[in-house]
Structure formats: structure tokens, C-alpha cells
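Student:
Number of protein chains: 2
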Amino acid sequence: MKEYIEANKQRFFDELFSVLRIPSISAKAANKADMRRCAEKLAVLLVEAGADEAQVLSTDGNPVVFGSKIIDPKARTVLVYGHYDVQPPEPLELWRTNPFEPVLGPDPATGAKAIWGRGANDDKGQLFMHIKAFEYLLASGKLKHNVKFLFEGEEEIGSPSLPKWMKENKKMLKADICLVSDTTMISDKVPSINCGMRGLSYLEVKVTGPNKDLHSGHYGGAVANPITTLCEMISSLHDADGRVAVPGFYDKVVELSKKDRAMLARAPFDLKEYKEFLDIEEVKGEKGYTTLERTGIRPCLDVCGIWGGYTGEGAKTVLPSVAHAKISMRLVPNQRSAEITKLFAKHFKKIAPKYVKVEVKECEGGDGFLIPIGSDAYKAASRAMTEVYGIEPVPARGGGSIAVLAEMQKILGIDPLLMGFGLERDTIHSPNESYLLSQFFAGMESIAKFYQYYPSK
Amino acid sequence: MKEYIEANKQRFFDELFSVLRIPSISAKAANKADMRRCAEKLAVLLVEAGADEAQVLSTDGNPVVFGSKIIDPKARTVLVYGHYDVQPPEPLELWRTNPFEPVLGPDPATGAKAIWGRGANDDKGQLFMHIKAFEYLLASGKLKHNVKFLFEGEEEIGSPSLPKWMKENKKMLKADICLVSDTTMISDKVPSINCGMRGLSYLEVKVTGPNKDLHSGHYGGAVANPITTLCEMISSLHDADGRVAVPGFYDKVVELSKKDRAMLARAPFDLKEYKEFLDIEEVKGEKGYTTLERTGIRPCLDVCGIWGGYTGEGAKTVLPSVAHAKISMRLVPNQRSAEITKLFAKHFKKIAPKYVKVEVKECEGGDGFLIPIGSDAYKAASRAMTEVYGIEPVPARGGGSIAVLAEMQKILGIDPLLMGFGLERDTIHSPNESYLLSQFFAGMESIAKFYQYYPSK
């Protein structure tokens, strides 16, 4: 497909950029209209690429895009999953360019060309590779599988509407494998295939002290400060060994065998480079586990946001009424998100001192999952990537979450295969998200080759 | 002066409201022009009230207003101090009315009329009482003292420019007593006169973890979260007894004698009412001290603001790069603000774990002070308020800080006298600041009577 890419490059950029320009931020109500606009754009691109049909279908939330090409009713069907919604771009002041004005720019570290913009990688850039690999296979008469596309608009907020919609559309979604590019590989020198992802529980907490903001001079020292109290409560959520101190949190965690841990340890990892990339002097995490294990096979708890009191310019002497935080827990098999969310909410309310009131709101959740590595699909992906990268990809465990894929396994009985071409340097979810052109093109090639090696019957 | 108030009420409101409408927020650079506008307005009001002269004078920061009326070079001179700058109004969504569109509204609790708006009390409303008491005394031929007015525009940010300016203008500021209305009394049933105020050290801290915001799935559990770290550091700033855990913090604190504590305990205080007013189940503070002592004679540490990570709508799964907090310490005699600020900064950097970087920025500071209660001025104020309120005011210790008054004692050798007419219910520094009309008028009367009982020679 190399020649095809070379011949159509500029058109690919034009098409992808037209999708990236739409600020399809699922977390923000104000962007509602952008969601449908983005879905419609993708449906058009699918039809232009050669799909028999492509439609924007309503769900209880943002619409999904569904498209299909039936080559042979007896052939195997590949379901391509992706999401067209993106993370909020904030903090805006840290972006080098407008997040929704995509450009081709040099990678700050290496000078290699990359696509810059929110969604360049996660997941508009990655799902776009599938449309173009499909277009190439069809145009060159090489497509032997049936292909279905499912692009949703709520992945970044935990796919609240998709499970119900999948249940109502089981027949339409029937397929043999679900191909997903929404993850990273270890590095562009060390390709990897994800064989599992973590689940997620995301909550927002609110701690209220006095019923109004107070003058910190008149009341300071005599009335509990809700910020200090929230800080104390957050501090108590980890023990001295870096373990999450929510009772019952580890009860169902699957402990890996020595053999499995040894296999994961084969993935190359350079702690010095890792620390340099992040500019930190030391890593920190659960005692007794390596950095890769801490993100791959162990659950964790993070504060994703905190706010309270005066946060503007200068000095305002206030003892505030409320303080808030957003808490995310990454889960591993067999922790159930719904159960962990309940455990956390119960614990957080229990540890609240008498001088404050605590509210806990569930935001998002999803279970983790594992992927069998001996399958036809895994082997086809491995062979495809070996040819493109010249090295056999290693199996790896992703630390992130795609909540809906566990649901898909349960509802549709389809295993996902995670061929992700993102890199750590892409800073997805952060300012200056980008996607290396070399990965963008290697991804398309790998996907096209996957179809070549994945049995069509 | 009662009749004079009755006859001129509407004009008083019009004049005061024209001052309240100017958003003279000293903490915000954007309001720079408003500062001078407000100062000029006040100079005009001073001249209209009968001052010989009133000028807007430049300092290194916001201008001061200086006005004077020399009745008799041999008579005693009263220096009236006030400030025309106000606290930022945020959070705006909690205001019932526009903070800079003053109105007369009913007090939510009692229905009694009050002036609503930022600065209604602190300190535009209170300094305005002095202008009107002066106008009345002059108009009725009763003024026997020389009067000087000094209104500054940086009190809410710690008066950074005034000390230097006072040093350069000692002669012009010469006076026998400095009269200040910028504090509260215990209640309108229990008038009080402040005989001391706390000092202040205000700092901003910044904790940096990784050099960019990270995907909380890819890094969560392996990289220290700066919010969690900041929370842990903040938690460690108090010990189990509610004492500030900064080494050396209490070294110079003056411990009060049993007799002095017993005198302060005479101030009426109802813990049940206090808790109901704030809607809290329990108070919290340093072990071994009462609530009034905790705010009056003991130092404390508060977090006035905290922010970091994603604080918008919905769920963003980010492991943020930085977290910030604003920390205020209220100080008592003989704690020196400059020294405590240094101790805090040193300690906070020392307790920073290796996996984060910590920056500490000084924002504001000032020493506390005590006022002799046997003086002519104290007695005159006490007699004046006894007549107006029908009860002898009790001496009280204010928990707040007016940093510059300690400087004034040192530079000009003038003792302040704090006749404050604010009430707790006024929620100064908070949304819905207001000032009860009954206090506004009782304040004017008390001030006019002060001149009557304070010896003029």
C-alpha cells in the first residue's frame, strides 16, 4: 500500500484535517452539535472510500456512525471500532497551536513530521487509518473480508449509551473480530500489541465546610477548612506502600504468576529514558512492582483535578465553603467498575470528619479485559507488524481503558484486537497532542497486511 | 447627628453608591484604571464635605487619597485611615446581585435593610461614615480637631507601597491618633472595640510532577501525581492537636496570662448560634483554646485556594503536571511576618518528596499589633459607643489583619484605634457582601461622638 499512500497523501491529510477541525468534545454539552457534524463527515468519508452504505444512527447520547461493505456473505467479517469524540483541550495556554486547527509540524524532539491537533491520534487519526486501508484494499481488488465500521462519540466519557445500542443492534453488528486502533505501542523501535486494558471508575467528590465563603482572618483557626480536609482525605487514600487504602479494593485483583510477570518483563523498558522524558527524579508507585507492571497489571488511584477557594491572581484571604476533586481509579481483571465505584463512595463518605459534609458523584466507569494472544487475529496482526517494522511485536498490557470493549465481549461475543500505533510522545489527553506521520503510514500498512493474513473464511 | 442623617440620607446613598460602582479590585491588574478613578471620586467627596484640600497622590503602586482640614494648628489631629480597594468578587455565580451594582436590599435573615455590593462594608462603606461624620461636625460648627484623611488602594493585597510612601510623607501625616473603621464588632447587641489584630503571611505554592499533563491510564500508578503530593504536603502542615507543624512557628508567640484570657472570655459567645450560622456540626482548631481565642490570640494556617488538573465539566482522565495552592497564615504578637514567611517557605521545600519540584512565592504579609485600652482615644470611643448602643463596648481581639497599621505605629509613631462597625453577617471577602443600614448610621453617630469626647488639646 506504500505507493497508494504516496499517490494520495495530500488527499488523506485534507480529509483527516476536515475531521480534526470539528471540536467534537463529548465532555462538554456546548459541543453537542459538533458531535453530529463530525459523525456525518465520517459517514461521507466511508461512502467515498467504498462502503456499501454508511449511516449516522441515533443512540441515547451522541450518534454512532455505522458503515459496511459485504463482499461475500460466507466470508469472515471484521468490525472496526473507533471513536470520533475527543478529550477537552484545556489547558489551552499550553498548546503551541490551536487544538482544532490541525497542521503538519516537526516533532520537537526529533524534527520528524507529525500531525498536530486534538484527536490527531486519539482517535480520529487512528480510525482514519482503517478507512484508508479499506479504501486501498477495495480499490486494488484485494478485499476478501466483509468489513463493518462502528465509530462512537462517547468513548472519552465512558461510552454510556453504546452498550444499550449494541444490545438493540446485535444482528447488524455481527462479526468475527473487532479491530481497534486506539492504543499505543511501546516505541516505534519496539512494536507491541495490547493484550489487555485496565478498567475505570471515575468519580467527583465535593467537601463542604461552612455554608459560605468566610474571611480567613475572622474564622481561620476556628472553623475546619474544606480544602485542608479534602487534602487530608485524599492523603489517606494511599498507604505507605503506595497501595490504594479503600477497603476491599484489591479483593478481586488477579495476581499474575511469576511466569506471566517474566513474560511481560521481556518488553524493553529504560527507566532512565522514562524519567528523562517526564523530567522527574524518581518514579513512584505500589511497592513490589516494576513501572510497567504498575501501569499494566496493577490497579491505581489518581486525582485528575482539584479545585476550591480563590484561584485567581493575587492574594484573597478566604476560608472557602467548598472544595472539589475528580478521582479516577484504573482497574484490572477481575475488578468490576460498578463494585469499585460503590466501595470508593462508601469509604469516602465514611472517612469524612464530622465538621464537613461530603458528596460523591459517579462520572464514568468500565471494566478491564484480557485478549487471547494465540488467536488467528493476533497472529495475523503480529505477522503484519513484523513485516512493516522488521521486528516481531511484543505482547503488552495497556494501562488505559476502553470501557466499551469489555461490554462488546459480553454483549456481542466479539473479541477485540488492539493494534494501536500511538506513542507516548503523542501526549494524547494533554496539550499538543500529535501523531507521527511515520506511525500514521506504518499503521495503514499494518492494517492492510492484517487483512492479508487474517483468514477470510 | 441623627437629624442630619435623616435629612441627607438619599444623598449619602447616591454618593456612596457612586464609589461602590467602581470595581477597584487591587488584586487584578486589569482594574488598574479603576483604582485611580475611585481615588479621584473620593478626593471630590472629601472636598465637597469641607476638606481644605484633597489630592490623589502617586505611590509605587495604586495612588492614595490625602485630604485635610486644619481648624487650629494647636489642636490635636485625628488621622482617618481607610482603603478604597476591594477583594475580588469571585465566585460570581453565588452573588444574588451584581457585586458592582449596589442596591438597598433586605437582610435575608431579619429583613432589616442593608446595602448590598462589594465594598459595601469593607472598606468603602466604613470609610464613608468618616467623611459624613466630618461633614456634619463641620457644617454644625462642632469640629474642634484637625482632621486628616488617608485612603489607600492596596490594603487587600497587603499595602506593599504604603510604608515607603509614609516614610516619605511623615510630616504631612503627623497626627495624634489614627482612627480606623475596617473591622467588625461582636454583634449589634454587643458592641466591641478591637484592641489587637493578627498579622499575615500569604504565599502561593506550586508542585510540579511530570513536565506535561499525562494520560492517567498510561502513567497512573507509576508516576507521582502532583495533586496527591500537594494534598499530602498540606495535610502534614497541622499536627494531631491542630497546631501548625512548621518548625519554629510558635517560637515567638506571646502566651496570654490566665487573667488576660479570662478578660477576653467575658465577650459573649454562643457556640450553638455560631455553628448554626455556618451550618457546621463541629468547630475545629488548636487544642486547648476556645473558638474566640483561636481567632483572637492564636495564630493559624489556612489554604485559601487550591487548583490543578482538569476542573471542567465531565470526566477527563489526566495525571496533571502541576498543582497549586494559596496558603495564608494569621499571626499574633510577636510573630514577625517576614520571618514566618521564610520559615514556611523553607519547610515546604524541605518536605517536598524527590519525585516533585516545589516553588514557593511570597504574596503578602504584615505584622499583628496590640492597642493600649487605657488611652484617651479608647475611652472616647468607648463613651461614644456606649451612648449610641446603650451598652459599654467590650474590648476584643480581631482575627483579621490590617498589615499597614503595625507599620504606621513603627513609622509614624501613631497608635491606631479600631472602631469597626461590621458584623459577621456582612460576609466581607465573600459573595453577597452587605452592610446593615442600622450599623452604617450608628457608626456615623459613634464617630461624631468620638470627636466630642476625644480631647481636642
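Line order of the protein sequences matches chains A and B. Position 279, counted from 1, in the first sequence is what our numbering calls 279; the numbers after and before it change by one each time, with no gaps. Just add 457 to wherever you are in the second sequence, counting from 1, and you've got our numbering. Beta carbons: idealized from backbone N, C-alpha and C, even for Gly.
1) Work out the CA separation of A/T110 and A/T290 for me, nearest whole Å.
2) Who are the near neighbours of B/K795 in its chain, counting only those whose CB is closer than 6 angstroms to its CB and skipping five residues on each side?
3) For A/P102, count neighbouring Cβ atoms within 10 angstroms of its own Cβ and tell me buried if that reaches 16, exposed if not.
4) Apart from the five residues just before and just after B/A569, which ones in its own chain have a Cβ nearer than 8 angstroms to its Cβ?
5) Using a Cβ-Cβ cut-off of 8 angstroms (strictly less than) and excluding sequence neighbours within five positions of A/Y219, which residues of its own chain qualify?
6) At 7 angstroms on the CB atoms, spell out the chain B contacts of A/T427, in chain order.
7) Leaving out five residues on either side along the sequence, give the residues of the same chain with a beta carbon under 6 angstroms from the beta carbon of A/P431.
8) Is the region 191 to 198 of chain A in contact with the region 859 to 874 of chain B, if contact means three or more CB pairs nearer than 8 angstroms?
9) Quick one: what's A/T77 bridged to in DSSP?
10) Tell me, please, which residues DSSP counts as bridged to A/S201.
11) Output the boundary residues of the alpha helix (DSSP H) element that contains B/E730.
12) List the residues of chain B that A/W307 touches, going by C-beta distances under 7 angstroms, in chain order.
13) Cβ of B/V535 less than 8 angstroms from any chain D Cβ?
14) Can a CB atom of chain B be found closer than 8 angstroms to the CB of A/D123?
15) Flag B/D486 as yes if its beta-carbon sits less than 8 angstroms from any beta-carbon of chain A, otherwise no.
16) Does chain A have any CB closer than 8 angstroms to the CB of B/N682?
17) Chain A partners of B/S785, CB-CB under 8 angstroms?
18) Would a check of beta-carbon distances place B/V740 closer than 8 angstroms to chain A?
19) Would you give the residue range spanned by the beta strand (DSSP E) that A/A403 belongs to?
20) So, does the CB of A/Q87 fall closer than 8 angstroms to a CB anywhere in chain B?
21) Identify, in the order they occur along the chain, each residue of the same chain with its Cβ nearer than 7 angstroms to the Cβ of B/P617, setting aside the five sequence neighbours on each side.
22) From which residue to which residue does the alpha helix (DSSP H) around B/F898 run?
23) Between B/V522 and B/V513, which are expected to be in contact by the criterion C-beta below 8 angstroms, what is the C-beta distance as a whole number of angstroms?
24) For A/M444, count neighbouring Cβ atoms within 10 angstroms of its own Cβ and tell me buried if that reaches 16, exposed if not.
25) Just verifying my parser: in three-state terms, what is the DSSP assignment at B/W552?
26) On a Cα-Cα basis, can you pick out the residue from A/F450, A/S446, A/A448 and A/D426 that is closest to A/T184?
27) Is A/I71 close to chain B, meaning its C-beta is less than 8 angstroms from at least one C-beta of that chain?
28) Please state the DSSP three-state secondary structure of B/S891.
29) According to DSSP, simplified to helix, strand and coil, what is B/I572?
30) On a Cα-Cα basis, can you pick out the residue from A/L92, A/I5 and A/F100 that is closest to A/S18?
31) Give me the Cβ distance between A/V205 and A/A325, rounded to the nearest whole Å; I'm assuming they're in contact under 8 angstroms.
32) Of all the CB atoms in chain A, is at least one closer than 8 angstroms to the CB of B/Y911?
33) Could you confirm whether any beta carbon from chain B is found closer than 8 angstroms to the beta carbon of A/A323?
34) To be precise: take each residue of the region 798 to 830 of chain B, compare its Cβ to all Cβ atoms of chain A, and keep it if any distance is under 9 angstroms. Which residues remain?
35) Check the C-beta distance from A/A224 over to A/Y355 and give it rounded, since I have them as a contact under 8 angstroms.
36) Buried or exposed: A/Q126, going by 16 or more other Cβ atoms within 10 Å of its Cβ?
Tutor: Considering the structure as presented:
1) As a first step, residue 290 of chain A is located in the first sequence; it is residue number 290 there, counting from the start. As a first step, residue 110 of chain A is located in the first sequence; it is residue number 110 there, counting from the start. Roughly 28 angstroms between the two C-alpha positions.
2) On the second sequence, residue 795 of chain B is found 338 positions in, with the first residue counted as 1. The displayed chain sequence assigns Ala, not Lys, to residue 795 of chain B. Here the set comprises nothing.
3) Looking up residue 102 of chain A in the first sequence gives position 102. Classification for A/P102: buried.
4) Position 112 of the second sequence holds residue 569 of chain B. Closer than 8 angstroms at the Cβ level, and outside the excluded window around B/A569, lie P563, L893, L894 and S895.
5) As a working note, residue 219 of chain A is residue 219 in the first sequence. Leaving aside the five residues that flank A/Y219 on each side, the residues in its chain whose CB is nearer than 8 angstroms to its CB run, in chain order, P210 and L319.
6) For the purposes of this step, residue 427 of chain A is taken as residue 427 along the first sequence, with counting starting at 1. What A/T427 touches in chain B: K669.
7) Start at 1 with the first residue of the first sequence, and residue 431 of chain A comes out as number 431. For A/P431, where only same-chain residues beyond five positions count, the Cβ hits under 6 angstroms are L94 and W95.
8) no
9) Residue numbering aside, residue 77 of chain A sits at position 77 when the first sequence is read from its first letter. BP columns for A/T77 point to A/N146.
10) Mapped onto the first sequence, residue 201 of chain A falls at position 201. BP columns for A/S201 point to A/M329 and A/G365.
11) To locate residue 730 of chain B, count along the second sequence from 1; it is residue 273. Where B/E730 is concerned, the enclosing alpha helix (DSSP H) stretches over L728 to L735.
12) Counting from one through the first sequence, the residue named residue 307 of chain A turns up at place 307. In chain order: I763, W764 and T768.
13) Protein chains in the displayed structure are A and B, and chain D is not among them.
14) For the purposes of this step, residue 123 of chain A is identified with residue 123 of the first sequence, where counting begins at 1. A/D123 does not count as touching chain B.
15) Locating residue 486 of chain B in the second sequence gives position 29, counting from the first residue. A small correction: the amino acid at residue 486 of chain B is Ala; Asp does not occupy that position in the sequence shown. Cβ-Cβ to chain A under 8 angstroms: yes for B/A486.
16) Mapped onto the second sequence, residue 682 of chain B falls at position 225. Closer than 8 angstroms: yes.
17) The residue labelled residue 785 of chain B in the question sits at position 328 within the second sequence. Within 8 angstroms Cβ-Cβ: S216, G220, A315 and T317.
18) Counted from its first residue, the second sequence places residue 740 of chain B at position 283. Taking Cβ atoms only, chain A reaches closer than 8 angstroms to B/V740, which makes this a yes.
19) Within the first sequence, numbered from 1, the residue matching residue 403 of chain A stands at position 403. Unbroken run through A/A403 is the alpha helix (DSSP H), A403 to L412; no beta strand (DSSP E).
20) If you number the first sequence from 1, residue 87 of chain A lands on position 87. By this cut-off, A/Q87 is an interface position.
21) Taking the second sequence and counting its residues from 1, one reaches residue 617 of chain B at position 160. Closer than 7 angstroms at the Cβ level, and outside the excluded window around B/P617, lie G518 and E611.
22) Working through the second sequence from its first residue, we reach residue 898 of chain B at position 441. For B/F898, the enclosing alpha helix (DSSP H) starts and ends at L894 to Y910.
23) Position 65 of the second sequence, counted from the first residue, corresponds to residue 522 of chain B. Position 56 of the second sequence, counted from the first residue, corresponds to residue 513 of chain B. With 8 angstroms as the limit, B/V522 and B/V513 qualify as a contact, their Cβ atoms being about 6 angstroms apart.
24) The residue given as residue 444 of chain A occupies position 444 in the first sequence. With 16 or more other Cβ atoms within 10 Å, it is buried.
25) Residue mapping note: residue 552 of chain B aligns to position 95 of the second sequence, counting from 1. Correct three-state label for B/W552: coil.
26) By one-based count along the first sequence, residue 184 of chain A stands at place 184. It is A/D426 whose Cα lies nearest to the Cα of A/T184.
27) Stepping through the first sequence from its first residue, residue 71 of chain A is reached at position 71. Cβ-Cβ to chain B under 8 angstroms: no for A/I71.
28) Within the second sequence, residue 891 of chain B is the residue found at index 434, counting from 1. For B/S891, the three-state secondary structure derived from DSSP is strand.
29) Taking the first residue of the second sequence as position 1, residue 572 of chain B is located at position 115. It is a strand residue.
30) The sequence position of residue 18 of chain A within the first sequence is 18, counting from 1. The candidate whose alpha carbon is nearest that of A/S18 is A/F100.
31) If you number the first sequence from 1, residue 205 of chain A lands on position 205. If you number the first sequence from 1, residue 325 of chain A lands on position 325. Between A/A325 and A/V205 the Cβ distance is about 5 angstroms, and since that is below 8 angstroms, they are a contact.
32) Locating residue 911 of chain B in the second sequence gives position 454, where the first residue counts as 1. So, not an interface residue.
33) Working through the first sequence from its first residue, we reach residue 323 of chain A at position 323. It does; some Cβ of chain B falls within 8 angstroms.
34) For chain A, the residues of the region 798 to 830 of chain B that bring a beta carbon within less than 9 angstroms of one of its beta carbons are P810, K811, Y812, V813, K814, C820 and E821, in chain order.
35) For the purposes of this step, residue 224 of chain A is taken as residue 224 along the first sequence, with counting starting at 1. For the purposes of this step, residue 355 of chain A is taken as residue 355 along the first sequence, with counting starting at 1. Contact holds; Cβ gap of about 4 angstroms.
36) Taking the first residue of the first sequence as position 1, residue 126 of chain A is located at position 126. The residue is buried, with at least 16 neighbouring Cβ atoms inside 10 Å.
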